[in-house]
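Before any comments, here is the structure.
Residue numbers (the UniProt record's numbering): 1 to 204.
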């Protein structure tokens, strides 16, 4: 289970303040499970941190609670808005694990038609093998609380050229065209974010 947090940050707030706030010894146990990234200048939406949080065990809660409350208080001064979703991983796609960089990350979000989640999962259970040649698949999740029938796929690439080459190469692999043909009609809306990791992220 993970929590996706999408925030709109005030223009005058710099991202390094997040790194400073989350760098205390107690909170570091929490940040090991954090994916914290911010959209770079060439995207349409600026000042938008995206966090993927895996909640810690109960034994950690007492140690991190005060530091996290202090962090949350400071964070509130920086934000214009925030939207949370409670997510589960697809069974064929595990939680993100730390990886070396440098990389850019793409978060592709899909709003599916109600009742089509199982069909989507069945096709992607086969498609994930097609898209793993360069180990670009980081994680796949679907919403349980928040906007329902929402799917998020997280991908890693060395740069934008690598992203283009990898995506184009998928069309040369058997079965990818079938996946696209049958899953596109399931989508009501989709969005793509190109993101760069912050210094505190285990995804580099």
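We put the CB at the ideal spot given by N, CA and C, even for glycine.
Here's the rule I'm using: 16 or more other beta-carbon atoms within 10 Å means buried, otherwise exposed. How should residue 184 be labelled?
Stepping through the chain shown from its first residue, residue 184 is reached at position 184. By the 10 Å Cβ count, residue 184 comes out exposed.
Excluding the 5 residues flanking residue 133 on each side, which residues of the same chain have their C-beta closer than 7 angstroms to its C-beta? Here residue 133 refers to the residue found at position 133 of the chain shown. None.
With distance defined between alpha-carbon atoms, name the residue in 106, 186, 109 and 204 nearest to residue 123. Along the chain shown, one-based indexing puts residue 123 at 123. Closest by alpha carbon: 186.
Against chain C, with Cβ distances strictly below 9 angstroms, would residue 87 count as a contact?
The structure shown contains no chain C, having only a single protein chain.
What are the start and end residues of the beta strand (DSSP E) that includes residue 108?
The residue given as residue 108 occupies position 108 in the chain shown. Run containing residue 108: 104 to 112, per the beta strand (DSSP E) assignment.
- Check whether the Cβ atoms of residue 138 and residue 182 lie closer than 9 angstroms to each other. Numbered from 1 along the chain shown, position 138 holds the residue referred to as residue 138. Numbered from 1 along the chain shown, position 182 holds the residue referred to as residue 182. Not closer than 9 angstroms, so no.
Practice problem: Return the chain-ordered ranges of every alpha helix (DSSP H) run that is complete within the UniProt domain "NIPSNAP" (105 to 202) and spans a minimum of 4 residues. | Solution: 117 to 130, 160 to 170 and 176 to 183
Margin query: I'd like to know if the stretch 105 to 120 and the stretch 145 to 161 are in contact, where contact means that at least 3 CB-CB pairs between them fall below 8 angstroms.
Written below: yes
Relative to the C-alpha of residue 199, which candidate in 101, 95, 70 and 85 has its C-alpha closest? Within the chain shown, residue 199 is the residue found at index 199, counting from 1. Nearest option by C-alpha distance: 101.
Check whether residue 146 and residue 103 have beta carbons under 9 angstroms apart
Counting from 1 along the chain shown, the entry for residue 146 is found at position 146. Counting from 1 along the chain shown, the entry for residue 103 is found at position 103. Not in contact: residue 146 and residue 103 (Cβ atoms no closer than 9 angstroms).
**Reference residue 167; option with closest CA among 130, 190, 97 and 178** = Translated into positions along the chain shown, residue 167 becomes position 167. It is 130.
Please report the straight-line C-alpha distance between residue 176 and residue 202, rounded to a whole angstrom.
As a position in the chain shown, residue 176 is number 176, starting the count at 1. As a position in the chain shown, residue 202 is number 202, starting the count at 1. Rounded to the nearest angstrom, the two C-alpha atoms are 30 angstroms apart.
Return the CA-CA distance between residue 118 and residue 73, expressed in angstroms with no decimal places. The count along the chain shown starts at 1 and reaches residue 118 at position 118. The count along the chain shown starts at 1 and reaches residue 73 at position 73. Whole-angstrom Cα-Cα distance: 39 angstroms.
| Is residue 95 helix, strand or coil when you go by DSSP? | Counting from 1 along the chain shown, the entry for residue 95 is found at position 95. Coil at residue 95, not helix or strand.
- Message: Could you compute how far the alpha carbon of residue 178 sits from the alpha carbon of residue 112?
- Response: Position 178 of the chain shown, counting from 1, holds the residue named residue 178. Position 112 of the chain shown, counting from 1, holds the residue named residue 112. Going from the Cα of residue 178 to the Cα of residue 112 covers about 18 angstroms.
Kindly identify the DSSP beta-bridge partner or partners of residue 89. Start at 1 with the first residue of the chain shown, and residue 89 comes out as number 89. Answer is 141.
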